[in-house]
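K.L.:
Residue numbers (UniProt numbering): 1 to 210.
One structure coming up, written as structure tokens, with questions to follow.
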């Protein structure tokens with residue numbers, strides 16, 4: 001079996017940063033292939049791997065996985081020794097899935113519509129998966145306020161994904177920088193794996209600019 005079971009397609013200035021962090025948390029060897037947005041991501045060779053022509057994508061032992069939340073969940077299950085997900089029979093397993101996909105679904109939808117300045121009539125909010133932005137943000141705040149991590153004392157892949165979303169949205173001013181969000185991000189960014197991923201991305205971005 002080859003040393004690197006994981007091939008990771010990325011761009012250092014994209015949401016693939018989430019998976020850089022996740023891979024560093026997993027701690028297994030991986031090969032990174034950096035692609036530019038309008039060139040390599042749109043070639044027939046890459047589109048055969050990910051027809052969306054986007055990153056992140058991983059190929060694990062020949063199996064293609066796309067979409068950030070799915071990649072995080074997949075890697076956590078493939079490498080249980082990293083302890084990045086509650087055990088299948090744990091009462092926290094549902095909590096883990098709930099918030100991992102809350103960030104990928106209602107939260108992203110709500111923030112995207114806000115970013116596009118799309119006003120939602122109050123009588124139409126029930127048609128949307130997130131209902132209202134205000135409710136979505138309040139619910140998210142509570143999820144990261146009750147304990148150090150999404151699943152209590154256990155850091156998981158849900159924290160990688162949810163925390164990345166909060167950090168990104170606050171940084172770009174589309175999510176209110178509430179104290180609970182700031183404290184959660186501060187805890188996350190102190191993790192050695194996060195710091196390693198940040199260094200990797202900074203070096204890759206500098207190399208790409210050259």
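C-beta atoms are modelled at their ideal positions from N, C-alpha and C, and glycine is treated no differently.
State buried or exposed for residue 54, treating a residue as buried only when at least 16 other CB atoms are found within 10 Å of its CB.
P.N.:
It is buried - the Cβ of residue 54 has at least 16 other Cβ atoms within 10 Å.
K.L.:
Enumerate, from N- to C-terminal direction, the unbroken alpha helix (DSSP H) stretches of 4 or more residues contained entirely within the UniProt domain "GST C-terminal" (89-210).
P.N.:
Runs found: 93-102, 108-115, 133-143, 157-171, 179-189, 192-209.
K.L.:
Counting only the same chain and skipping the five closest in sequence on each side, list residues whose C-beta sits under 6 Å from that of residue 198.
P.N.:
There are no such residues.
K.L.:
Is the region 37-49 touching the region 87-100, taking contact as three or more C-beta pairs under 8 Å?
P.N.:
No: the two stretches stay apart, fewer than three of their Cβ pairs being nearer than 8 Å.
K.L.:
Identify which residue in 62, 71, 80 has its Cα closest to the Cα of residue 18.
P.N.:
Minimum Cα distance to residue 18 is reached at 71.
K.L.:
Using a Cβ-Cβ distance under 9 Å, would residue 36 count as near chain B?
P.N.:
Annotation note: the requested chain B is absent from the structure, which comprises a single protein chain.
K.L.:
Could you give the DSSP three-state label for residue 71: helix, strand or coil?
P.N.:
Correct three-state label for residue 71: helix.
K.L.:
Just curious, the beta strand (DSSP E) that residue 18 is in, first and last residue?
P.N.:
Premise fails: residue 18 lies in the alpha helix (DSSP H), 17-26, not in any beta strand (DSSP E).
K.L.:
Okay, do the region 114-123 and the region 48-67 touch, 3+ Cβ pairs below 8 Å being the bar?
P.N.:
No, the region 114-123 does not touch the region 48-67.
K.L.:
Can you name, in chain order, every residue of its own chain whose Cβ lies under 6 Å from the Cβ of residue 23, other than the five neighbours on each side?
P.N.:
Once the five neighbours on either side are set aside, the close Cβ partners of residue 23 are 30.
K.L.:
Would you mind sorting residue 208 into buried or exposed? The rule is 16 or more other CB atoms within 10 Å of its CB.
P.N.:
By the 10 Å Cβ count, residue 208 comes out exposed.
K.L.:
State buried or exposed for residue 8, treating a residue as buried only when at least 16 other CB atoms are found within 10 Å of its CB.
P.N.:
With 16 or more Cβ atoms within 10 Å of its Cβ, residue 8 is classed as buried.
K.L.:
Do the region 99-116 and the region 181-201 touch if we need at least three Cβ pairs shorter than 8 Å?
P.N.:
No, because fewer than three Cβ pairs between the region 99-116 and the region 181-201 fall closer than 8 Å, the two stretches do not touch.
K.L.:
Taking the Cβ atom as the reference point for each residue, do residue 160 and residue 25 lie within a distance shorter than 9 Å?
P.N.:
Yes. Within cutoff.
K.L.:
Could you have a look at residue 30 and say whether DSSP puts it in helix, strand or coil?
P.N.:
Residue 30 falls in the strand class under three-state DSSP.
K.L.:
Name the DSSP beta bridge partners of residue 66, please?
P.N.:
DSSP lists 57 as partners of residue 66.
K.L.:
Between 101, 132, 100, 99, which has its C-alpha nearest residue 113's C-alpha?
P.N.:
Measuring from the Cα of residue 113, the nearest candidate turns out to be 132.
K.L.:
DSSP puts residue 9 in a beta bridge; with which residues?
P.N.:
Note: residue 9 sits in a beta bridge opposite 33, 57.
K.L.:
Just how far apart, CA to CA, sit residue 155 and residue 28?
P.N.:
Rounded to whole angstroms, residue 155 to residue 28 spans 18 Å at the Cα level.
K.L.:
Kindly list the residues whose CB is nearer than 6 Å to the CB of residue 184, restricted to its own chain and excluding five residues on each side of it in sequence; keep chain order.
P.N.:
So the qualifying residues of the chain are 144.
K.L.:
If the criterion is Cβ atoms closer than 9 Å, does the pair residue 165 and residue 103 meet it?
P.N.:
Yes, the pair counts as a contact, with Cβ atoms nearer than the cut-off.
K.L.:
Out of 36, 6, 5, 4, which one is the CA nearest neighbour of residue 14?
P.N.:
It is 36.
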